[in-house]
Every structure is written in structure tokens, then in C-alpha cells.
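Undergrad: Here it is, the structure, as C-alpha cells.
Chains as they are written, first to last, in this note's numbering: chain A, 1 to 141; chain B, 142 to 282.
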């Protein structure tokens, strides 16, 4: 078993995000919240996770300001809604690489035309399309 | 401690991706690979993780086709490079929400102009900007 480590003393925003979302259960809870789950039972049915684990993860997401909890409903805050590109990025990568050809999988569609979304692209502030090699990380001095 | 669960029987591409990347250590290894780490020692210095854990995570990333291992170097495969939007999405969310105002953090810059990247946007196939409410998940029947 791997000891849970906190990354929030790191100056890297990727590590901080990893710490705030907490673990993969938390990310799948956020996914379900985007897909319409609101009640404890909704998340439990979707995830098939033990009640004590789900309860701890929901509390942690509320403590981190990602979910609001009121009137038995868990809803995404603005900070939670801002995880949309993270979920879409994981979904598109999974669609491209994690299924055999022809293997069925759920799809994220645009509600208006019922078409798959455009693949996410990384752009410079002036609009140029960027590959990883076109970028550099500037470390904190 | 939370039992490690495999999600790869799920029809959801988010869950499959979560399973393939394995855990947060794996994602931070991928981050470091994008930032130029290639050798075991590079990753160890950056992550401060125990050798046995790092070794297991590197092997798992190789087994999943995300890293290649040759001549003591670990390098991203095409499948690994395709995780770029996932890393960028986590980074931008962290930059927006995981630091106090004025708190220093590393930055991902466009190499040509040394400017921060454009925030990721989710678009429909016809180019319309989409919010979460503009999308729907079609479950596998």
C-alpha cells in the first residue's frame, strides 16, 4: 500500500491540483456530479463504493470548495465546474487509447447536435497550436 | 487505507483513463517526463518518492504503453504525449484555485514568447464554446 502524501507544499500547480482532487474516487465523484448525480445514493449507485469511503471523499470535496452540500444535494461550486477541462481531457484520452476498436463506451456529446466534442487543443496566448515541445516550465526561483 | 480498485471494466473513458494512469504518483511522473526527466534518478530527485514505489510506477507506465524504457531512459510514447491536455488542464486549474494571491508557483510558458498558455476551452465539433450544461453523456445501452 502506498502512503498518502500531501503535495500542497509544492510550487507546482499540477501537484496542488492532484492534492485538492485527492484521489481517483474524488475525480470520479466530480465526473458523476457533471453527469447529474446530486444525492449520496446517486454517487453510491454509480460508483459502487463503500459508504464510509464515499462519505469521506464527499466531505473532502466540500472542504476543498469543489462541492457544496445543502438540502441533501451535492452540487459543483464554480471551482468544481472549472474542473470540466480536466474531466474532458481524461475522457478524450480514454476514448482514444483505453478501448479496443469497436468496444462500446459512453460518449460525451454536445447537447445541441448530439455530436462528439472537438478534441482539446493547447494554444499559446496568441492562438498558435502548441505541442509539448513548444512549452517550457519555469520553476519558482 | 483505500483498497486499490480497477476501473477498466467500466464503459466510461474517464474511469479507464484513471485506471491507466494508475495513481497520482504516475501522473506526476508523466508531468516530469514532459518537463524533461528521463533517468530514474531524475524522477527520484523531483518526486522525493521511495525507490520501490517509483520503480513500480515506472514499470506500470511502461506496461500501459505510456512510457518507453530503453538505454536507461524513460521517454513518453505517443500515447503518453497525448496526456498533454490532461496535464495542462490540471495545471491551469491549480494555477487558478490552489494558490493564495501572490503565492509563487511554477509556470508553463510558450517557448517562443515566454507567455502563459491560453486557458483550455471545450468546443463542439462545429467550434461553439461549450459549458458543462451544454453537454450530455450518452451511456452505453
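Ideal Cβ placement from N, Cα and C applies to all residues, glycine included.
According to DSSP, residue 69 of chain A sits in a beta bridge with which residue or residues?
TA: Locating residue 69 of chain A in the first chain gives position 69, where the first residue counts as 1. Looking at the DSSP assignment, residue 69 of chain A forms a beta bridge with A:74.
Undergrad: In the DSSP assignment, the alpha helix (DSSP H) including residue 278 of chain B goes from what residue to what residue?
TA: Locating residue 278 of chain B in the second chain gives position 137, where the first residue counts as 1. Counting along the chain, residue 278 of chain B falls outside any alpha helix (DSSP H), though it belongs to the beta strand (DSSP E) covering 276-279.
Undergrad: Give me the subset of the region 91-103 of chain A whose CB atoms are less than 8 Å from a CB atom of chain B, sorted by chain position.
TA: Residues 91, 92, 93, 94, 95, 96, 97, 98, 99.
Undergrad: Let me know the secondary structure DSSP gives residue 120 of chain A once reduced to three states.
TA: Residue 120 of chain A sits at position 120 when you count from the first residue of the first chain. Of the three classes helix, strand and coil, the one that applies to residue 120 of chain A here is coil, per DSSP.
Undergrad: Report yes or no: do three or more beta-carbon pairs, one from the region 260-278 of chain B and one from the region 108-122 of chain A, lie closer than 8 Å?
TA: Taking 8 Å as the limit for Cβ pairs, the verdict is that the region 108-122 of chain A does touch the region 260-278 of chain B.
Undergrad: So residue 31 of chain A contacts chain B; which residues on that side make the cut at Cβ distance below 7 Å?
TA: Within the first chain, numbered from 1, the residue matching residue 31 of chain A stands at position 31. The answer, in chain order, is 155.
Undergrad: Starting from residue 280 of chain B, find everything on chain A with Cβ-Cβ shorter than 8 Å and list it in chain order.
TA: One-based indexing of the second chain puts residue 280 of chain B at position 139. Correct list: 106.
Undergrad: Taking 9 Å as the CB-CB cut-off, is residue 58 of chain A touching chain D?
TA: Looking at the structure shown, chain D is missing, and the protein chains on hand are A and B.
Undergrad: Going by DSSP in three states, residue 271 of chain B sits in which element: helix, strand or coil?
TA: As a working note, residue 271 of chain B is residue 130 in the second chain. Three-state DSSP puts residue 271 of chain B in coil, outside helix and strand.
Undergrad: Could you name the residues of chain B that residue 44 of chain A contacts, counting a contact when the two beta carbons are closer than 8 Å?
TA: What you label residue 44 of chain A is simply residue 44 of the first chain in a count that begins at 1. Simply none; closest approach about 14 Å.
Undergrad: Rounding to the nearest angstrom, what Cα-Cα distance links residue 247 of chain B and residue 28 of chain A in this structure?
TA: Reading the second chain from its first residue, position 106 is the one you call residue 247 of chain B. Reading the first chain from its first residue, position 28 is the one you call residue 28 of chain A. Taking the straight line from one Cα to the other gives about 27 Å.
Undergrad: So that I know if they touch, is there some Cβ in chain A lying closer than 9 Å to that of residue 169 of chain B?
TA: One-based indexing of the second chain puts residue 169 of chain B at position 28. Yes, its Cβ sits closer than 9 Å to a Cβ of chain A.
Undergrad: According to the Cβ coordinates, are residue 20 of chain A and residue 239 of chain B closer than 9 Å?
TA: The sequence position of residue 20 of chain A within the first chain is 20, counting from 1. The sequence position of residue 239 of chain B within the second chain is 98, counting from 1. In this structure, residue 239 of chain B lies closer than 9 Å to residue 20 of chain A by Cβ.
Undergrad: Apart from the five residues just before and just after residue 179 of chain B, which ones in its own chain have a Cβ nearer than 7 Å to its Cβ?
TA: Position 38 of the second chain holds residue 179 of chain B. Excluding sequence neighbours, residue 179 of chain B sits near 214, 215, 216.
Undergrad: Looking only at its own chain, which residues have a Cβ that is under 7 Å from the Cβ of residue 343 of chain B, when we skip the five neighbours before and after it?
TA: Lying outside 142 to 282, the shown extent of chain B, residue 343 of chain B is not represented and no answer is given.
Undergrad: As a quick exercise: from B:282, B:201, B:172, pick the residue whose alpha carbon is nearest that of residue 225 of chain B.
TA: By one-based count along the second chain, residue 225 of chain B stands at place 84. Selected option, being the one with the closest Cα: B:172.
Undergrad: For residue 202 of chain B, decide whether its Cβ has a neighbour in chain A, counting only Cβ atoms nearer than 9 Å.
TA: As a first step, residue 202 of chain B is located in the second chain; it is residue number 61 there, counting from the start. Answer no: the Cβ-Cβ gap between residue 202 of chain B and chain A never drops below 9 Å.
Undergrad: Taking 9 Å as the threshold (beta carbon to beta carbon), is residue 262 of chain B in contact with chain A?
TA: Counting from one through the second chain, the residue named residue 262 of chain B turns up at place 121. Yes, contact with chain A.
Undergrad: I'd like the span of the beta strand (DSSP E) that includes residue 110 of chain A, first residue to last.
TA: Here residue 110 of chain A refers to the residue found at position 110 of the first chain. Taken as a continuous stretch (DSSP letters only), the beta strand (DSSP E) holding residue 110 of chain A covers 107-110.
Undergrad: Nearest-angstrom Cα distance between residue 253 of chain B and residue 56 of chain A?
TA: As a position in the second chain, residue 253 of chain B is number 112, starting the count at 1. As a position in the first chain, residue 56 of chain A is number 56, starting the count at 1. Using only the alpha carbons, I get a separation of about 45 Å.
Undergrad: Exposed or buried, residue 174 of chain B, counting other C-beta atoms within 10 Å across all chains shown (16 or more means buried)?
TA: Position 33 of the second chain, counted from the first residue, corresponds to residue 174 of chain B. Answer is buried; the Cβ neighbour count reaches 16.
Undergrad: Residue 177 of chain B to residue 17 of chain A, Cα distance in whole Å?
TA: Along the second chain, one-based indexing puts residue 177 of chain B at 36. Along the first chain, one-based indexing puts residue 17 of chain A at 17. If you take the alpha carbons of residue 177 of chain B and residue 17 of chain A, they lie about 21 Å apart.
Undergrad: Using a C-beta to C-beta distance shorter than 8 Å, which residues of chain B count as neighbours of residue 113 of chain A?
TA: For the purposes of this step, residue 113 of chain A is taken as residue 113 along the first chain, with counting starting at 1. In chain order: 265, 266, 267.
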